[in-house]
Each structure stands twice: as structure tokens, then as C-alpha cells.
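Report on the following structure.
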Amino acid sequence: RGDEFFEAAEKLSAELEAAGLDVIYDDRPKVSPGVKFGDAELVGVPTILAVGRGLVDGVVEIKDRRSGEAENIEVDKAVDYVVNAVRNQ
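Here the working numbering is used: the first residue of the sequence shown is 1052, the next is one more, and so on.
What follows is the structure, encoded as C-alpha cells:
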């Protein structure tokens, strides 16, 4: 259970790295999403891509840490969305 989330996250992580972005992939299996988000805030990650329950509907959540705004984006558009968001910051 949950393997599909990790597989999707690994794929997105690899695609973002291939696009030239620095990626921190939090693959800790027994850590809650809340703790992972908190750690991302502490480290100062500017853009957070969360693979979770929305994956069933084909979406991931992308959050801008500075503005606090979050959007659900289709998985196949997520890499382009994040690349554009990061490059336009």
C-alpha cells in the first residue's frame, strides 16, 4: 500500500532533476505528511510538490512556500508547472 505514491514521486523527482532543478525528495516511509511539510518549511524549500490522495484523480499538490498558495495540478503537467514557477520566482 502506498507504493504508487512513492513510484510517482520518484518519477517526478527524476524529471525535475533532468530539467535542471535541485530536488529534495523526502522518501521517509513512516513519517507523516505533516512532519514532511514542516521539515520542508524549516529547510526553506521554495516550492513543494506533494504526491498524495489526489493521485487517484491524476493530480498532485504544488505549494509555493512564500505565498502559501497551493494548487492541484494534473500529474502530466506538474513538471512544466514547477519548472516555470521556479524560474519565474
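Beta carbons: idealized from backbone N, C-alpha and C, even for Gly.
Can you tell me which residues form a DSSP beta bridge with Ala1101? Glu1112
Straight-line CA distance for Pro1097 to Tyr1076? 14 Å
According to DSSP, simplified to helix, strand and coil, what is Glu1055? helix
Exposed or buried, what is Ser1083 when buried is set at 16 or more other beta-carbons lying within 10 Å of its beta-carbon? exposed
Taking the DSSP output, what are the residues bridged to Glu1122? Ile1113
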